[in-house]
Every structure is written in structure tokens, then in C-alpha cells.
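Inspection log for the structure reproduced underneath, given as C-alpha cells.
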Amino acid sequence: MTIPSQAIGDLADAPPSILSAVTVSPAADALAWRTLGVDIYIPGLLEHVFGTRFLMAAVGSAAQTSTPSSMKELTFLTREGCVNTPDMVINLDDALKGLGWPNDYQYVDIGKLGKTDVRGRHSRYDRLRSSKII
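Residue numbers are given in the numbering used here: position 7 of the sequence shown equals residue 72, and the series is strictly consecutive.
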């Protein structure tokens with residue numbers, strides 16, 4: 066899942082070299098940029114970006130009243146060689162399973178997209194601007 070750094074006030078102006086120096090907490094529930102002195106609690110970030118309803122659904126609340134029959138409209142975009150992809154796929158699959166949702170989403174390597182495919186035009190920081198592309 067990609068969240069634009071511009072959506073996070075403390076990271077908005079940080080250069081890519083600083084953004085790439087991120088540390089994951091031992092509990093895997095927080096991210097830290099030590100050079101910036103920034104710590105971000107992931108559930109809080111998700112609530113900030115996606116809203117309370119998303120967070121409540123993610124933790125199994127009754128906020129979501131119906132289970133989708135398919136996740137085929139959801140597209141997981143990655144790039145060949147991305148070291149984070151295996152963990153992100155596991156986390157996405159676990160989240161969907163925890164919600165009781167199907168995991169039949171699209172898995173797309175943006176390096177293999179045609180030049181006219183709009184999904185390849187997104188930078189890694191603005192994928193959330195296009196609905197249902199993460």
C-alpha cells in the first residue's frame with residue numbers, strides 16, 4: 066500500500082533519500098524516520114488517510130455491513146524487484162482474510178504495463194489519487 070508522503074505533514078518536504086531511511090518498529094505497528102525525528106503509528110496513519118470507517122472495518126468492527134463478493138476492482142501495483150512486495154502482499158492477504166473478504170484482487174507489475182496503460186503513469190507517491198489503486 067502506498068500513501069503519499071505529502072499526506073503526512075512531517076514528511077511532505079523530505080527528499081527521497083531521507084524517506085527511504087525508514088525503520089519499522091519491532092511490533093510492526095509504527096514507522097520511524099530517525100534523521101527527521103518522526104515516528105508514525107500505522108493505525109493512526111490509516112485512520113487519518115482513509116477515515117475511521119476504514120480503520121473500524123480493518124479491525125473487524127461492524128462498520129462494514131456487507132461482504133464484497135469480489136475484490137477484482139482492487140489493484141495491487143508493484144515493481145519487479147521491490148523488496149517490500151512480499152511483505153505487503155502477505156499483509157494485504159491477511160487483512161482481507163481477517164475481514165472475511167475474497168483475495169481475488171489484481172496483481173500488476175507496473176514495469177510490464179503498456180505505455181498507454183494509465184496505471185503506469187502514477188508515481189509511487191500519488192497512487193492513492195486514483196480510486197482503488199494502491
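The C-beta atom is built at its ideal place from N, Cα and C for all residues, glycine as well.
- Here DSSP, grouped into helix, strand and coil, assigns L139 to coil.
- Counting only residues of its own chain and dropping the five nearest sequence neighbours on each side, R144 has a CB closer than 6 angstroms to the CB of I175 and G176.
- According to the DSSP secondary-structure assignment, L96 is paired through a beta bridge with V89 and I105.
- Excluding the 5 residues flanking it on each side, V173 has same chain C-beta neighbours closer than 8 angstroms at T140, F141, L142, T143 and R184, in chain order.
- Counting along the chain, the unbroken alpha helix (DSSP H) around D152 starts and ends at T150 to L164.
- Within its own chain, the residues whose Cβ lies closer than 8 angstroms to the Cβ of T100, once the five positions on either side in sequence are excluded, are I83 and A86, listed in chain order.
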